[in-house]
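Visitor: Take this structure, written in structure tokens, and hold onto it; I'll ask about it next.
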Amino acid sequence: MQKRVIYFDHAATTYVKPEVLDAMLPYFTQEYGNASSVYSIGRSNRKAIEDARETVAKCIGAMPNEIYFTGSGTEADNWAIKGAALAHRNKGKHIITSSIEHPAVLAPCEFLQKQGYDITYIPVDQDGLVNPADVDKAIRPDTILVTIMMANNEIGTIQPIKEIAQVCKKHGVLFHTDAVQAAGNIPIDVKDLGVDLLSVSGHKFYGPKGTGALYIRKGVKIESLIHGGHQERNRRAGTENVPGIVGFAKALELATQNLDAHYEKLYKLRERALEGIFEKIPHVRLNGHREKRLPGNLNVSFSFVEGESILLMLDMKGIKASSGSACTSGSLDPSHILLAIGLPHELAHGSLRLTFGESNTEEEVDYLVDCLAEIIDKLRRMSPLYEDFIKGEC
Amino acid sequence: MIYFDNSSTTKPYKEVVELVARLMSEEFGNSSSLHILGIRAERILESTRKTLAETIKAEPEEIIFTSGGTESINMALKGSAAAMKRSGKHILTSPIEHDASLESLKTLSEMGFEVEYIEVDQYGHILLDDLSRKIRPDTILVNIMAVNNELGTIEPVEEAAGIIKSKNEKTVFHVDAVQAYGKIPVNVRRLNADFISFSSHKIHGPKGVGMLYMRKGARIHPLITGGGHERKLRSGTVNVPGIAGFGLAATTKISRMQKDSEICKKVRNRLLTELRNSLGNSVRVNSPEDGISNILNISFKGVKSENILHFLESKDIFVSSGSACHSRRDTTSHVLKAVGIPSEWAEGAIRFSFSGDNTEDQAKICADAIVNILKTVQKI
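Protein chains in written order, with our numbering: chain Z, 1 to 394; chain B, 1 to 380.
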């Protein structure tokens, strides 16, 4: 008998949808030319890329010539931050970010710090929100870039991007947002948001891995990260991954067309899980903002237990979840995000991230709640901390 | 259709496409996730790393996956220059490198590094004496491609490595093996380079995948950070389906290497013989006699390569006027210029690049078509 697999880790990655795969396949098997070649296979590849660019542009309210395809969301973040820093270094060397960014943003900032740039980390409140007024206060004459994520990968909190963008605009400072977790889950309109740079990743919205895109508002100067051939209008070299780009665009298009229904469905699943967990399990805390959060994100901390133990026991029951972001899963340190919202170490260690997706069902959520109640109870009964706590209560 | 442009890109093997498609929809886990889907993805990743390492006699931990050959080259050159900058600022390169190398080196020279060129002969072979002369105590990096993408010239990279290391042990040696891998043996134990760049789509694997060999103990600054994937050297969710496809393509291509090479040689010789017989002095062979069997670069007198290319396309024959990365520019190839091909010949240069799927009959059809267009043009 095949073991049941229930996947609640959609923020880590998603499967490629059949429609997306179907769109990609012709570019593997028939239209396999190099898009830079001048002849017809090359031209039809070029057209596929330009159509994809137009689709992506439409999905996020941009112009096609503002979309640049990359090899991943991480590359897009690296490019935006290092590229902007390098291009504007004569104006200044100060960069502002938040304390809860993804490593793809934090690592380039740390890199720049070593190169002599000055980085300010804006703190967040207990829900993980950045206050635009704090950004306003942090901006100096030598500030060249603000980078704050649209939605958090661990706690799902959605930032007031439009307000932050207005602050940046007032001061004439470039604003980048990492929209890797937001894309495909909530609407994105770059013109309405007023951002200058925005990163997205294909494999988070049922597209292929190894694909990403950077929106660069027309007129914004950034240096290239990868040099060589003349692809992507001289800004990102390397033979274009045509099937990947086609799949990326198709996935984003499907996600955008289906956004309302997707939101509704994930929101319902999330609320069902949240209510079930709070009803059946005592001493639990919701991490992240109650309303301003991604529809499919649920992050909870259980007192007196280790997140890793919960994960292992859930895995044995066929449930795939995460204790934080997949990118930091090898690390023993508690999540920097949970610490930034004020969780004590022991609670941060007992946290669980559940991220719902399109193929999940209410029945799966109910099974999850039952399993979790059983697992938490079991783990707590083995926990000396819990024993002390109960004794104290009596 | 006759596809003679396999150095631009190749048709992915059927089994490769099937594998990639299956993994994208079924084994989609994030290789960093701790649950079983993640662990399964990680197993596929690590077994592919081992497979690919074996193809070049490297250790698995010496392999870093990237988004392509261009990223690998950028990473190797910029990353090792940054890591070595305290030892000096002098960099040597051949002048006939791919743009991924030359443009990366251009950014380094803008940052204050001194980039100097190694002389080449009329076929693009680097002059080892010149290399030997130009290595200095402050030479931190030497960059030479294993096989030139336009001419098919096989560079003496093993001999170069010997010279470099005997002159200056600390000098880092990067080899761009994008056109060599799967066509001729690449063995890191014999080559003795510190970094070697590879691309998947040149050997019937998926686009958007590449790898960088990094000798154990070599130092590099990463190009893309955040997340700490690939031993902190190249961050970003790992494209496991693409990488697995690359692994299968590589083992398939290498198992056919000898056979493919013989097929390419026959196709190449047939094309050349037919053209020479019919056109005589109107043909100039730019590729060296001892070049790689799958590339043939020829110039035709009195006709622009663009015209030949478009005419052949109308006959459903696909060739290239140089490297695909150049083809949207009007300037003459820097490679042909560097090897001293007179401009009247360089203007009419065509690169034919073959695969094991090509046949001698296709060569004959292609030659006849070219003879046809040349005769028409000469009449006018």
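Just so it is clear, CB atoms sit at the ideal spot from N, CA and C, and this is done for glycine as well.
1. Using a Cβ-Cβ cut-off of 7 Å, state whether B/G112 counts as contacting chain Z.
2. Just the Cα atoms here: how many angstroms apart are B/E150 and B/R351?
3. To the nearest angstrom, how far is it from the Cα of Z/I161 to the Cα of B/I39?
4. For chain B, is any of its Cβ atoms less than 7 Å away from the one on Z/P208?
5. Report the residue ranges of all alpha helix (DSSP H) runs contained in full by the region 111-195 of chain Z; include only those spanning at least 4 residues, in chain order.
6. Just to make sure I have the definition right: I need the residues of chain Z whose C-beta is within less than 9 Å of the C-beta of B/P241. Which are they?
7. Under 7 Å between C-beta atoms, does Z/A80 make it to chain B?
8. In chain B, what lies closer than 7 Å to Z/V242 by C-beta?
9. Below 8 Å between beta carbons is the criterion; list the residues of the region 73-103 of chain Z that meet it against any residue of chain B, in chain order.
10. So, for B/S327: in the same chain, excluding its five sequence neighbours on each side, which residues have a beta-carbon less than 7 Å away from its beta-carbon?
11. Look at the alpha carbon of Z/C59 and the alpha carbon of Z/P26, and state the distance between them as a whole number of angstroms.
12. Checking 7 Å against the spacing of the C-beta atoms, do Z/H10 and Z/T355 come in under that value?
13. Mind checking which residues open and close the alpha helix (DSSP H) that includes B/N74?
14. Closer than 7 Å by C-beta to B/F354: which residues in its own chain qualify, once you throw out the five before and the five after it? Chain order, please.
15. Check for me: the beta strand (DSSP E) holding Z/D9 runs from which residue to which?
16. Just the C-alpha distance for Z/M316 and Z/I310, rounded to the nearest angstrom, thanks.
17. Go through its chain and collect everything with a Cβ distance to Z/N348's Cβ below 8 Å, but skip five positions before and after it.
18. Below 8 Å on the Cβ atoms is my guess for Z/P64 versus Z/R46; work out the distance and round it to an integer in Å.
19. With a cut-off of 8 Å on the beta carbons, I'd call B/I135 and B/L92 a contact; round off their distance for me.
20. How far does the beta strand (DSSP E) with Z/G405 in it reach, from first residue to last?
21. Should the region 103-119 of chain B be called in touch with the region 354-363 of chain B, which here means at least 3 C-beta pairs below 8 Å?
22. Which of the three DSSP states, helix, strand or coil, is assigned to B/G217?
23. Per the DSSP calculation, B/T139 is bridged to which residue(s)?
24. Verify whether the separation of the beta carbon atoms of B/K167 and B/I203 is less than 7 Å.
25. When the Cα atoms are used, what is the spatial distance from Z/A182 to Z/M150?
26. Evaluate contact between the region 213-230 of chain Z and the region 94-103 of chain Z, counting only Cβ atoms and requiring at least three cross-stretch pairs below 8 Å.
27. Report buried or exposed for Z/L396, applying the criterion of at least 16 other Cβ atoms within 10 angstroms of its Cβ.
28. Rounded to whole angstroms, what is the Cα-Cα separation between Z/D127 and Z/L343?
29. Taking only the alpha-carbon atoms, compute the straight-line gap between Z/K17 and B/E27 and give it to the nearest angstrom.
30. Please report the residue range of the beta strand (DSSP E) in which B/Y117 lies.
31. Please list the partners that B/D260 has in chain Z, where partner means a Cβ-to-Cβ separation under 9 Å.
32. Does the beta carbon of B/L37 come closer than 7 Å to any beta carbon on chain Z?
33. Give the straight-line distance between the Cα atoms of Z/I81 and B/A369, rounded to the nearest whole angstrom.
34. If I measure Cβ to Cβ from Z/Y471 and keep anything under 6 Å in the same chain, skipping five residues before and after, which residues do I get?
35. Are there 16 or more other CB atoms within 10 angstroms of the CB of B/A250, so buried, or fewer, so exposed?
36. Z/S36 to B/L296, Cα distance in whole Å?
Guide: Walking through what the data contain:
1. Looking up residue 112 of chain B in the second sequence gives position 112. Not one chain Z Cβ lies under 7 Å of B/G112.
2. Numbered from 1 along the second sequence, position 150 holds the residue referred to as residue 150 of chain B. Numbered from 1 along the second sequence, position 351 holds the residue referred to as residue 351 of chain B. CA-to-CA, the gap between B/E150 and B/R351 works out to about 7 Å.
3. Mapped onto the first sequence, residue 161 of chain Z falls at position 161. Mapped onto the second sequence, residue 39 of chain B falls at position 39. In a straight line, the C-alpha of Z/I161 is about 36 Å away from that of B/I39.
4. As a working mapping, residue 208 of chain Z is identified with position 208 in the first sequence. At least one chain B Cβ lies under 7 Å of Z/P208.
5. Listed in chain order, the complete alpha helix (DSSP H) runs (minimum 4 residues) inside the region 111-195 of chain Z are 132-138, 161-171, 190-193.
6. Mapped onto the second sequence, residue 241 of chain B falls at position 241. For B/P241, the chain Z residues whose Cβ falls inside 9 Å of its Cβ are V16, P208, K209, G210, in order along the chain.
7. Position 80 of the first sequence, counted from the start, is the residue given in the question as residue 80 of chain Z. Judged by the 7 Å Cβ criterion, Z/A80 is not in contact with chain B.
8. Taking the first residue of the first sequence as position 1, residue 242 of chain Z is located at position 242. Ordered by position in chain B, the residues that pass the 7 Å Cβ test against Z/V242 are K207.
9. For the region 73-103 of chain Z, the beta-carbon criterion of a distance under 8 Å to any beta-carbon of chain B is satisfied by G73, T74, E75, D77, N78, H102, P103.
10. Residue mapping note: residue 327 of chain B aligns to position 327 of the second sequence, counting from 1. With a pLDDT of 48 at B/S327, under the threshold of 50, the predicted position of this residue should be treated as unreliable, and no value is reported.
11. As a working mapping, residue 59 of chain Z is identified with position 59 in the first sequence. As a working mapping, residue 26 of chain Z is identified with position 26 in the first sequence. In this structure, the alpha-carbon of Z/C59 lies about 23 Å from that of Z/P26.
12. Indexing the first sequence from 1 puts residue 10 of chain Z at position 10. Indexing the first sequence from 1 puts residue 355 of chain Z at position 355. Yes, Cβ-Cβ distance for Z/H10 and Z/T355 is below 7 Å.
13. In the second sequence, residue 74 of chain B corresponds to position 74, counting from 1. For B/N74, the enclosing alpha helix (DSSP H) begins and ends at 69-84.
14. For this step, residue 354 of chain B is matched to residue 354 along the second sequence. Excluding sequence neighbours, B/F354 sits near F4, N6, C264, V267, R268, N294.
15. Here the question's residue 9 of chain Z lines up with position 9 in the first sequence. Taken as a continuous stretch (DSSP letters only), Z/D9 belongs to no beta strand (DSSP E), as it is neither H nor E.
16. For the purposes of this step, residue 316 of chain Z is taken as residue 316 along the first sequence, with counting starting at 1. For the purposes of this step, residue 310 of chain Z is taken as residue 310 along the first sequence, with counting starting at 1. Those two C-alpha atoms are separated by around 10 Å.
17. On the first sequence, residue 348 of chain Z is found 348 positions in, with the first residue counted as 1. Per the sequence presented here, residue 348 of chain Z reads as Ala, with Asn not at that position. Once the five neighbours on either side are set aside, the close Cβ partners of Z/A348 are S301, P334, S335, L338, L339.
18. Walking along the first sequence from the start, residue 64 of chain Z turns up at place 64. Walking along the first sequence from the start, residue 46 of chain Z turns up at place 46. About 13 Å separates the two Cβ atoms, so there is no contact after all.
19. The residue given as residue 135 of chain B occupies position 135 in the second sequence. The residue given as residue 92 of chain B occupies position 92 in the second sequence. About 7 Å separates the Cβ atoms of B/I135 and B/L92, confirming a contact at the 8 Å cut-off.
20. For residue 405 of chain Z there is no data in the structure shown, the boundaries of chain Z being 1 and 394.
21. No contact exists between the region 103-119 of chain B and the region 354-363 of chain B.
22. What you label residue 217 of chain B is simply residue 217 of the second sequence in a count that begins at 1. Shown here, B/G217 sits in coil according to DSSP, grouped into three states, outside any helix or strand.
23. Locating residue 139 of chain B in the second sequence gives position 139, counting from the first residue. Per the DSSP secondary-structure output, B/T139 pairs in a beta bridge with B/H90.
24. As a first step, residue 167 of chain B is located in the second sequence; it is residue number 167 there, counting from the start. As a first step, residue 203 of chain B is located in the second sequence; it is residue number 203 there, counting from the start. Taking 7 Å as the Cβ cut-off, B/K167 and B/I203 do not qualify as a contacting pair.
25. As a working note, residue 182 of chain Z is residue 182 in the first sequence. As a working note, residue 150 of chain Z is residue 150 in the first sequence. Taking the CA atoms as reference points, Z/A182 sits about 6 Å from Z/M150.
26. Touching, no, given that fewer than three Cβ pairs across the two stretches are closer than 8 Å.
27. No answer is possible for residue 396 of chain Z: the residues shown for chain Z start at 1 and end at 394.
28. For this step, residue 127 of chain Z is matched to residue 127 along the first sequence. For this step, residue 343 of chain Z is matched to residue 343 along the first sequence. Cα atoms of Z/D127 and Z/L343: separation of roughly 11 Å, rounded to the nearest angstrom.
29. Position 17 of the first sequence, counted from the start, is the residue given in the question as residue 17 of chain Z. Position 27 of the second sequence, counted from the start, is the residue given in the question as residue 27 of chain B. Spanning the two alpha carbons is a distance of roughly 13 Å.
30. In the second sequence, the residue the question calls residue 117 of chain B occupies position 117. Start and end: 114-117.
31. Counting from 1 along the second sequence, the entry for residue 260 of chain B is found at position 260. Those do not exist, as B/D260 stays about 17 Å from chain Z at its closest Cβ, beyond 9 Å.
32. Taking the first residue of the second sequence as position 1, residue 37 of chain B is located at position 37. The beta carbon of B/L37 sits closer than 7 Å to some beta carbon of chain Z.
33. Along the first sequence, read from residue 1 onward, the residue named residue 81 of chain Z stands at position 81. Along the second sequence, read from residue 1 onward, the residue named residue 369 of chain B stands at position 369. Those two C-alpha atoms are separated by around 51 Å.
34. The requested residue 471 of chain Z does not occur in the structure, where chain Z is confined to residues 1 to 394.
35. Translated into the one-based positions of the second sequence, residue 250 of chain B becomes position 250. Answer is buried; the Cβ neighbour count reaches 16.
36. Here residue 36 of chain Z corresponds to residue number 36 of the first sequence, with the count starting at 1. Here residue 296 of chain B corresponds to residue number 296 of the second sequence, with the count starting at 1. The alpha-carbon separation between Z/S36 and B/L296 amounts to approximately 20 Å.
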